[in-house]
Amino acid sequence: EKKKILINHCVSDEKLFEESKAMVVSLREKDLMEYKQDYDIIVEKDRILSACSNNDELIPIKFTETYSDKLGEYSDNPKEFVPCQPVKNSKYAKEIIPWNISCISEKPYDNKYKGKSIKVAVIDSGIDVHDELNTKEWIDLSDKVNGYKPIDSSGHATSVSGIIGARKNGIGIMGIANEAEMYSIKVLNEDNTTNISNVVKALEWCIDNDIDIVNMSFGMDNYSKILQESIDRAYEKGIILISSSGNNTNAIQYPAAYTNVISVGSINKDLRASDFSKNNHLTDLVAPGEDVYTLDYCGGYCTCSGTSVAAAHVTGVAAAILSSKKIKSGEMLKNVLLESSVELSDGSRLVNYDNAMKYIKKSRISNDISNIIRANINLAIDESEDDILKASWATRRWGDNNSYDEGTGHKSMINKMPLEYFGDSTESTTNKKHNRDIVADAACRADDLEWLDAGKVYGNAGRDEFGNIDLSKPPCISPYHAKSEYSFYDVNSHATFLYELARRRLILNLGLNFEPRNFEGDSWCGVNIPQLMQRRIIVDLGAVYEQQCIVFGGTNYCKNVRRHKGSMILGIFLHLIQDIQAHRAKFTPNMIFANNEGTSYYIGDTFTNSSSNSTINGQNIKGVLEGDYSTYWSLYNAINQHGGSIPMIRLKDFLRDKCSINCGGVTSCKPSAAYEDNPFFYRDRYNAAYNLSLAYIDRMKGDTDNSSKELGTYLYYPNVPLFTDSY
Numbered sequence: 011e012k013k014k015i016l017i018n019h020c021v022s023d024e025k026l027f028e029e030s031k032a033m034v035v036s037l038r039e040k041d042l043m044e045y046k047q048d049y050d051i052i053v054e055k056d057r058i059l060s061a062c063s064n065n066d067e068l069i070p071i072k073f074t075e076t077y078s079d080k081l082g083e084y085s086d087n088p089k090e091f092v093p094c095q096p097v098k099n100s101k102y103a104k105e106i107i108p109w110n111i112s113c114i115s116e117k118p119y120d121n122k123y124k125g126k127s128i129k130v131a132v133i134d135s136g137i138d139v140h141d142e143l144n145t146k147e148w149i150d151l152s153d154k155v156n157g158y159k160p161i162d163s164s165g166h167a168t169s170v171s172g173i174i175g176a177r178k179n180g181i182g183i184m185g186i187a188n189e190a191e192m193y194s195i196k197v198l199n200e201d202n203t204t205n206i207s208n209v210v211k212a213l214e215w216c217i218d219n220d221i222d223i224v225n226m227s228f229g230m231d232n233y234s235k236i237l238q239e240s241i242d243r244a245y246e247k248g249i250i251l252i253s254s255s256g257n258n259t260n261a262i263q264y265p266a267a268y269t270n271v272i273s274v275g276s277i278n279k280d281l282r283a284s285d286f287s288k289n290n291h292l293t294d295l296v297a298p299g300e301d302v303y304t305l306d307y308c309g310g311y312c313t314c315s316g317t318s319v320a321a322a323h324v325t326g327v328a329a330a331i332l333s334s335k336k337i338k339s340g341e342m343l344k345n346v347l348l349e350s351s352v353e354l355s356d357g358s359r360l361v362n363y364d365n366a367m368k369y370i371k372k373s374r375i376s377n378d379i380s381n382i383i384r385a386n387i388n389l390a391i392d393e394s395e396d397d398i399l400k401a402s403w404a405t406r407r408w409g410d411n412n413s414y415d416e417g418t419g420h421k422s423m424i425n426k427m428p429l430e431y432f433g434d435s436t437e438s439t440t441n442k443k444h445n446r447d448i449v450a451d452a453a454c455r456a457d458d459l460e461w462l463d464a465g466k467v468y469g470n471a472g473r474d475e476f477g478n479i480d481l482s483k484p485p486c487i488s489p490y491h492a493k494s495e496y497s498f499y500d501v502n503s504h505a506t507f508l509y510e511l512a513r514r515r516l517i518l519n520l521g522l523n524f525e526p527r528n529f530e531g532d533s534w535c536g537v538n539i540p541q542l543m544q545r546r547i548i549v550d551l552g553a554v555y556e557q558q559c560i561v562f563g564g565t566n567y568c569k570n571v572r573r574h575k576g577s578m579i580l581g582i583f584l585h586l587i588q589d590i591q592a593h594r595a596k597f598t599p600n601m602i603f604a605n606n607e608g609t610s611y612y613i614g615d616t617f618t619n620s621s622s623n624s625t626i627n628g629q630n631i632k633g634v635l636e637g638d639y640s641t642y643w644s645l646y647n648a649i650n651q652h653g654g655s656i657p658m659i660r661l662k663d664f665l666r667d668k669c670s671i672n673c674g675g676v677t678s679c680k681p682s683a684a685y686e687d688n689p690f691f692y693r694d695r696y697n698a699a700y701n702l703s704l705a706y707i708d709r710m711k712g713d714t715d716n717s718s719k720e721l722g723t724y725l726y727y728p729n730v731p732l733f734t735d736s737y
């Protein structure tokens, strides 16, 4: 109304809009119609695009002290964070080539062309300062940050950049085009979203600065004429544009859907389409996008999944072969990538560096995937636990390292928690993130270490008087998983003991000696818990600490031993609190029986937030499809005998070995994954797990007396009634 152009960033960026003949304005509805009807211009909503990432999880690796850590937390000039020199100490002079990079470029250190002098722009969340990356320039077209460490507000761009160009420097990993020049163009905010206008400005900057290749790992469902015009201008200038195809969508998202953009879908280690990459049959290329090992912000390393990271592999190969100087145009490069790709069993095309180079040289290219598979197997043998800790959880379940964007797995749930929960006001952002990484890593080890895992022999094995495993002794059920064999009194005593161990390290700053003999009697610091269980937990925590020292050894993560131990124990505690909500929530008759008498059941499943509206398919009960209803009535009687409910963890005892469900692309699964571990079924359980995790840390920070104020209490979430008896 006031004829004033509204800009969403600094004035200097508007020159990029002038060149693209675009602007951001505020219009009334009647003005909008007038412009559309009476003027020869395009008027569009400044729509939002989102990053194509399933989640980013941190798995640290051995590396030396970084130069950036020595320089402090912030700087107005990111170029002050000089990448470290190659490591001379042979102990660290080994770089991991993850399966995902080996899959498409078997040995990048042996490749003749590594992207030298090629300018690669990553339009994303901003590349963080990292010893593995030699970023040439940083451009911020989104939410500016206080200084430049971390520049990346989510870790997304740093993960993408690690695959493309992690340097050959004797530490960590090696990217495909490890000599390429990386340019950070920040458009995504901390929520990993941006507007079309920011992307338009970013593309104009790339045109102005003679960028060779652009990586865009974000997307939206809506077509934009204005964005297409910017894409086309960049393409006409010879820029190669590569974009992720989108997650959990049958169609290809924009900008990947534009003709002048190379679209990329995701595959897993078996060279099959990832569950979240449903459009591979429509994409130009596919690349690894599941359990991908790469860089993280604040100097870390991580595994992540999504078509975002799949696109980065194609960008890396494109930069490497473009540096051969044998490619004359963007159209030629695109043809080389497509024609030299390897056809997979579903007809999709896997990008391949070796084939691309052979194609350029007019040599015979290979379409035999057995070579790729062999490289993958050999890599798995080369990677020891000392070098990399690999996730091993099943997909799409509670406890899974890579389960859904909403963060239903222990690790993803903790990594979603705000950093201020993992340190006091004196600690830097980097330290808080490292503390959170230790917490998340420990939470996963309760499901990963055999001594703690309730599903393994040693996890439930007998213990001697000092807490060590003794198979001749009666079983000692794992106390970290809210097992229904325990009464809720027992479960709460385990949780309170872990809470107090963590509190005394993190809040009272007291030491901890993992010596079980120091724990005597059936109470400790006011916590009532049998001596044998105390000692067993102390022995197990010692095992977790040893494992973390292997993985985090040689890094800045472990410098404060007391903080490390406290964060580790906090992770085990949060695992138990979260499992209580997932496994001990009440399973009630209305969730399976369609009437009070139990004479009818539901045909099909209903996945909702609440227990009152979530139902399961009665045909998944053992024997029902065969006409044998004995298990059906056993379930009905069990619920009645236990006061009208049983714990969720016991439902699987009554289900078929393979359940048929329709949820998140899953059609057949084990009984535990069908409902108990299904993040879509009775979703309030996972909301409770997250909210209680935050609440307990808040309580702990205020629990500063020598004797805890929280002894004997448990915080309940009103929407999730818990089964309190043993069963």
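11 is the number of the first residue of the sequence shown in our numbering; add one for each residue after it.
Ideal Cβ placement from N, Cα and C applies to all residues, glycine included.
Touching or not, the stretch 690-706 and the stretch 510-529, by the rule of three or more beta carbon pairs under 8 Å?
-> Short answer: they don't touch.
Given that a residue counts as buried once 16 or more other Cβ atoms are within 10 Å of its Cβ, and exposed if not, what is Pro540?
-> Counting from 1 along the sequence shown, the entry for residue 540 is found at position 530. Flag for Pro540 reads exposed.
Identify, in the order they occur along the chain, each residue of the same chain with its Cβ nearer than 8 Å to the Cβ of Lys442, setting aside the five sequence neighbours on each side.
-> Locating residue 442 in the sequence shown gives position 432, where the first residue counts as 1. Correct list, in chain order: Leu429, Glu430, Phe432, Gly433.
I think Pro489 touches Ala471, with their Cβ atoms under 8 Å apart; what is that distance to the nearest whole Å?
-> Locating residue 489 in the sequence shown gives position 479, where the first residue counts as 1. Locating residue 471 in the sequence shown gives position 461, where the first residue counts as 1. The Cβ separation is near 13 Å, so there is no contact.
Closest to Met578 by CA distance: which of Asn600, Gly552, Leu198 is it?
-> For the purposes of this step, residue 578 is identified with residue 568 of the sequence shown, where counting begins at 1. Closest by alpha carbon: Gly552.
Could you check what DSSP says for Ala328 in three-state terms: helix, strand or coil?
-> Here the question's residue 328 lines up with position 318 in the sequence shown. If DSSP states are grouped into helix, strand and coil, Ala328 belongs with the helices.
Please classify Tyr509: does DSSP put it in a helix, a strand, or coil?
-> Here residue 509 is taken as the residue at index 499 of the sequence shown, counted from 1. The DSSP-derived three-state label of Tyr509 is helix.
Going straight from the alpha carbon of Gly175 to that of Gly185, what length do you get?
-> Residue numbering aside, residue 175 sits at position 165 when the sequence shown is read from its first letter. Residue numbering aside, residue 185 sits at position 175 when the sequence shown is read from its first letter. Distance between the alpha carbons of Gly175 and Gly185: 4 Å.
Sub-8 Å separation of Glu300 and Ser276 beta-carbons = Looking up residue 300 in the sequence shown gives position 290. Looking up residue 276 in the sequence shown gives position 266. In this structure, the beta-carbon distance from Glu300 to Ser276 falls below 8 Å.
Name the DSSP beta bridge partners of Cys679, please?
-> Residue mapping note: residue 679 aligns to position 669 of the sequence shown, counting from 1. Under DSSP, the beta-bridge partners assigned to Cys679 are Cys669.
Can you grab the Cα-Cα spacing for the pair Tyr726 / Lys596, in whole Å?
-> Within the sequence shown, numbered from 1, the residue matching residue 726 stands at position 716. Within the sequence shown, numbered from 1, the residue matching residue 596 stands at position 586. So the alpha carbons of these two residues sit roughly 13 Å apart.
Note down the Cα distance separating Val730 from Gly465, rounded to an integer number of angstroms.
-> Position 720 of the sequence shown, counted from the start, is the residue given in the question as residue 730. Position 455 of the sequence shown, counted from the start, is the residue given in the question as residue 465. Computed Cα separation, rounded: 25 Å.
Would you tell me roughly how many angstroms separate the C-alpha atoms of Asp218 and Lys126, rounded to the nearest one?
-> As a working mapping, residue 218 is identified with position 208 in the sequence shown. As a working mapping, residue 126 is identified with position 116 in the sequence shown. Distance between the alpha carbons of Asp218 and Lys126 is about 21 Å.
Just the Cα atoms here: how many angstroms apart are Ile114 and Ser358?
-> Sequence index remark: in the sequence shown, residue 114 carries index 104 (1-based). Sequence index remark: in the sequence shown, residue 358 carries index 348 (1-based). Approximately 14 Å between the Cα atoms of the pair.
Smallest Cα separation from Ala684: which of Glu142, Leu343, Val34, Ile631?
-> The count along the sequence shown starts at 1 and reaches residue 684 at position 674. The candidate whose alpha carbon is nearest that of Ala684 is Ile631.
Output the distance between the C-alpha atoms of Asp41 and Ser315, rounded to the nearest integer angstrom.
-> Sequence index remark: in the sequence shown, residue 41 carries index 31 (1-based). Sequence index remark: in the sequence shown, residue 315 carries index 305 (1-based). In a straight line, the C-alpha of Asp41 is about 44 Å away from that of Ser315.
Secondary structure of Ala604, DSSP reduced to three states | As a first step, residue 604 is located in the sequence shown; it is residue number 594 there, counting from the start. In this structure, DSSP gives Ala604 a state outside helix and strand, which the three-state scheme calls coil.
For the stretch 167-239, which segments carrying the alpha helix (DSSP H) assignment without a break, of at least 4 residues, lie completely within its bounds, in sequence order?
-> Runs of the alpha helix (DSSP H) lying entirely within the stretch 167-239, each at least 4 residues long, are 206-218 in chain order.
Which stretch, first to last residue, makes up the beta strand (DSSP E) that contains Leu151?
-> The residue given as residue 151 occupies position 141 in the sequence shown. Premise fails: Leu151 is in no beta strand (DSSP E) and is neither H nor E.
From Leu520 to Pro689, what does the alpha carbon distance come to, in whole angstroms?
-> Locating residue 520 in the sequence shown gives position 510, counting from the first residue. Locating residue 689 in the sequence shown gives position 679, counting from the first residue. The straight-line gap from Cα to Cα measures roughly 38 Å.
Distance CB(Ser678)-CB(Phe664) smaller than 8 Å = For the purposes of this step, residue 678 is identified with residue 668 of the sequence shown, where counting begins at 1. For the purposes of this step, residue 664 is identified with residue 654 of the sequence shown, where counting begins at 1. Cβ distance not < 8 Å, so Ser678 and Phe664 don't count as in contact.
For Thr304, which residues does DSSP report across the bridge?
-> If you number the sequence shown from 1, residue 304 lands on position 294. Answer is Cys312, bridged to Thr304.
Is there contact between the stretch 467-481 and the stretch 708-724, where contact requires at least three CB pairs shorter than 8 Å?
-> No, they do not touch.
Let me know the beta strand (DSSP E) ranges lying completely inside the stretch 463-493, each 3 residues or longer, listed in chain order.
-> Those beta strand (DSSP E) runs which fall completely within the stretch 463-493 and span 3+ residues do not exist here.
Can you tell me whether Gly229 is buried or exposed, with buried defined as 16 or more other CB within 10 angstroms of its CB?
-> Along the sequence shown, read from residue 1 onward, the residue named residue 229 stands at position 219. With 16 or more neighbouring CB atoms inside 10 Å of its own CB, Gly229 falls in the buried class.
In this structure, does DSSP put Lys372 in helix, strand or coil?
-> Position 362 of the sequence shown, counting from 1, holds the residue named residue 372. It is coil, neither helix nor strand.
Where DSSP assigns a beta bridge to Leu732, which residues make up the other side?
-> For the purposes of this step, residue 732 is identified with residue 722 of the sequence shown, where counting begins at 1. Secondary-structure assignment with DSSP links Leu732 through a beta bridge to Ala595.
Do Asn425 and Arg446 have their C-beta atoms within less than 8 Å of each other?
-> Within the sequence shown, residue 425 is the residue found at index 415, counting from 1. Within the sequence shown, residue 446 is the residue found at index 436, counting from 1. Contact: yes.
List the whole-angstrom C-beta distance separating Gly172 from Leu305, where the pair is believed to meet the contact cut-off of C-beta under 8 Å.
-> Counted from its first residue, the sequence shown places residue 172 at position 162. Counted from its first residue, the sequence shown places residue 305 at position 295. Correct: roughly 3 Å between the Cβ atoms.
Measure the CB-CB distance between Tyr307 and Thr168 and report whether it falls below 8 Å.
-> Taking the sequence shown and counting its residues from 1, one reaches residue 307 at position 297. Taking the sequence shown and counting its residues from 1, one reaches residue 168 at position 158. In this structure, Tyr307 places its C-beta atom within 8 Å of the C-beta atom of Thr168.
Proximity to Lys493 [Cα-Cα], best of Ser482, Val197, Gly469, Leu59 | Position 483 of the sequence shown holds residue 493. Between Lys493 and the set Ser482, Val197, Gly469, Leu59, the nearest pair of CA atoms involves Gly469.
Near Ile149, what residues of its chain come up, given a Cβ to Cβ distance below 8 Å and the 5 sequence neighbours on each side ignored?
-> Translated into the one-based positions of the sequence shown, residue 149 becomes position 139. Same-chain partners within the cutoff: Tyr193, Ser194, Ile195, Lys196, Ala212, Trp215.
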